[in-house]
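**Q**
In my numbering, the protein residues as written are 916 to 1253.
Structure, rendered in structure tokens:
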């Protein structure tokens, strides 16, 4: 099988150069997703982060920041700047960049995200998305397949969820990540969950988030100008070898991630580079002749500091590597579900 490769190009549209029509602040080549520009202006966490009931500001950030470090938060929670007389948030939510709306959930009780929107940004890379959650409302025009411009208002901040978020903690939950492909339902059915999948292939379980907190800091400092540049700089934490000659669902969406131009004649497996957050960075098709031993999956630590930086999402069962964690096993199972 031959894979067609495309070059991801980060372009700046005229609207980006001039700024958002609704006053959205710029961050690198993108737009800050709320009217509160305290982060962009380098103010402290208390000015923009919405903590959990614990009151710990760090609980609003990405990573193993909750329940004493045992619970993972795959995004950043941004507090409300404006409220109405009832104390409800009224902040506009802006598209982080030009993109195409892929999914809109208007039924808050059907997801812990509440009302949420997924926008794909194919100019970054096919399958790269932003996710905006806990919304109170979306304009009628915001629906699957609609194109949006960076800085465009796509929703209003809120506190919707399948559980209760008090009005004083209304916020935007914001993620940047990679959509794993269209075969999600097959994987979901194989897991025998107790509840149905109400969100098609845009269930949050089918998106692997990058470290959005580190990414935003990189954009603010000028270390990188765009998500494309940040992704190109993402370092490999672990290298996974899996002996499965299937084509990962993700590669059918985004062939740019494959380092080979063509599958070897005796293709028998893959060597996959993962970031510390579990983001698949590169796929190398490997030959049967390279196999030694009987293990189907093995994990090699490439960067020890990165690999051990977030214990609650570790991809190894032991600190020395070798055996995949339950999280990594689940991710591999998803990638190789037809």
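Ideal placement from N, C-alpha and C gives every residue a C-beta, glycine not left out. Just so it is clear, the structure is predicted and the values come from calculations on it, not from any experiment.
Assess contact between the segment 1236 to 1245 and the segment 994 to 1012, defined as three or more Cβ pairs (one per stretch) separated by less than 8 Å. Is contact present?
**A** Not touching, per the Cβ criterion.
**Q** For the pair the segment 1017 to 1034 and the segment 1057 to 1065, tell me if three or more CB-CB distances fall below 8 Å.
**A** Verdict: yes, contact present.
**Q** Return the CA-CA distance between residue 1128 and residue 955, expressed in angstroms with no decimal places.
**A** Numbered from its first residue, the chain shown carries residue 1128 at position 213. Numbered from its first residue, the chain shown carries residue 955 at position 40. In a straight line, the C-alpha of residue 1128 is about 13 Å away from that of residue 955.
**Q** Of the choices 1090, 1093 and 1111, whose alpha-carbon is the least far from that of residue 1100?
**A** For this step, residue 1100 is matched to residue 185 along the chain shown. It is 1111 whose Cα lies nearest to the Cα of residue 1100.
**Q** Give the range of the alpha helix (DSSP H) segment to which residue 1127 is assigned.
**A** What you label residue 1127 is simply residue 212 of the chain shown in a count that begins at 1. Where residue 1127 is concerned, the enclosing alpha helix (DSSP H) stretches over 1127 to 1136.
**Q** Drop a sphere of 10 angstroms on the beta-carbon of residue 1200, count the other beta-carbons inside from all chains shown, and report buried for 16 or more, exposed for fewer.
**A** Numbered from 1 along the chain shown, position 285 holds the residue referred to as residue 1200. Residue 1200 comes out buried.
**Q** Would residue 996 and residue 937 qualify as a contact pair, given that the criterion is a beta-carbon distance under 9 Å?
**A** Mapped onto the chain shown, residue 996 falls at position 81. Mapped onto the chain shown, residue 937 falls at position 22. Contact flag unset, no.
**Q** Have a look at residue 1050 and residue 994 and give me their C-alpha separation to the nearest angstrom.
**A** Within the chain shown, the letter at position 135 stands for residue 1050. Within the chain shown, the letter at position 79 stands for residue 994. Taking the straight line from one Cα to the other gives about 12 Å.
**Q** Apply the 10 Å Cβ neighbour rule to residue 1126 and answer buried if 16 or more other Cβ atoms are within range, or exposed otherwise.
**A** The residue labelled residue 1126 in the question sits at position 211 within the chain shown. Looking at its Cβ environment, which holds 16 or more other Cβ atoms inside 10 Å, residue 1126 is buried.
**Q** Please determine whether the Cβ atom of residue 954 lies at a distance below 8 Å from any heavy atom of the ligand MN.
**A** Because no ligand of any kind appears in the structure shown, any question about the ligand MN cannot be addressed here.
**Q** Between residue 1037 and residue 1014, is the Cβ-Cβ spacing less than 9 Å?
**A** For the purposes of this step, residue 1037 is taken as residue 122 along the chain shown, with counting starting at 1. For the purposes of this step, residue 1014 is taken as residue 99 along the chain shown, with counting starting at 1. A contact, by the Cβ cut-off of 9 Å.
**Q** Confirm, please, whether the CB-CB distance from residue 1169 to residue 1184 is below 9 Å.
**A** For this step, residue 1184 is matched to residue 269 along the chain shown. For this step, residue 1169 is matched to residue 254 along the chain shown. Contact flag unset, no.
**Q** So residue 1220 is in the alpha helix (DSSP H); what residue range does that whole segment cover?
**A** Residue mapping note: residue 1220 aligns to position 305 of the chain shown, counting from 1. Counting along the chain, the alpha helix (DSSP H) containing residue 1220 begins and ends at 1219 to 1222.
**Q** Using the three-state DSSP reduction, which class does residue 974 fall into: helix, strand or coil?
**A** As a first step, residue 974 must be located in the chain shown, where it is residue number 59. If DSSP states are grouped into helix, strand and coil, residue 974 belongs with the helices.
**Q** Please report the residue range of the beta strand (DSSP E) in which residue 986 lies.
**A** Working through the chain shown from its first residue, we reach residue 986 at position 71. First-last of the beta strand (DSSP E) with residue 986: 986 to 988.
**Q** Looking at the secondary structure, which residues open and close the alpha helix (DSSP H) in which residue 897 lies?
**A** With the chain represented from 916 up to 1253, any question about residue 897 goes unanswered, as that position is not in the structure.
**Q** Using the beta-carbon count (16 or more within 10 Å), is residue 860 buried or exposed?
**A** Look at the range of the chain in this structure, 916 to 1253, and you will see that residue 860 is not part of it.
**Q** For residue 1148, which residues of its own chain have a beta-carbon under 6 Å away from its beta-carbon, when the five flanking residues on both sides are left out?
**A** Here the question's residue 1148 lines up with position 233 in the chain shown. The answer is none, since no qualifying residue turns up.
**Q** Given residue 967, which residues of its chain have a CB within under 7 Å of its CB, disregarding the five upstream and five downstream residues?
**A** The residue you call residue 967 lines up with position 52 of the chain shown. Around residue 967: 974 and 981.
**Q** Which word fits residue 1205, buried or exposed, when buried means at least 16 other C-beta atoms lie within 10 angstroms of its C-beta?
**A** Here residue 1205 is taken as the residue at index 290 of the chain shown, counted from 1. Exposed.
**Q** Give me the Cα-Cα distance between residue 1193 and residue 1124, rounded to the nearest whole angstrom.
**A** As a position in the chain shown, residue 1193 is number 278, starting the count at 1. As a position in the chain shown, residue 1124 is number 209, starting the count at 1. For residue 1193 and residue 1124, the distance between alpha carbons rounds to 8 Å.
**Q** So with Cβ pairs under 9 Å, would you call residue 1177 a contact of chain D?
**A** Absent here is chain D; the protein component of the structure consists of one chain.
**Q** Run through the segment 1144 to 1193 for me and flag every whole alpha helix (DSSP H) of 4 or more residues, listed as ranges in chain order.
**A** The qualifying runs are 1164 to 1168.
**Q** Could you pull the start and end residues of the alpha helix (DSSP H) that residue 1249 belongs to?
**A** Translated into the one-based positions of the chain shown, residue 1249 becomes position 334. Element bounds for residue 1249: 1241 to 1250.
**Q** By alpha-carbon positions, which one of 949, 1217, 1208 and 1191 ends up nearest to residue 1067?
**A** In the chain shown, the residue the question calls residue 1067 occupies position 152. With distances taken between Cα atoms, residue 1067 lies closest to 949.
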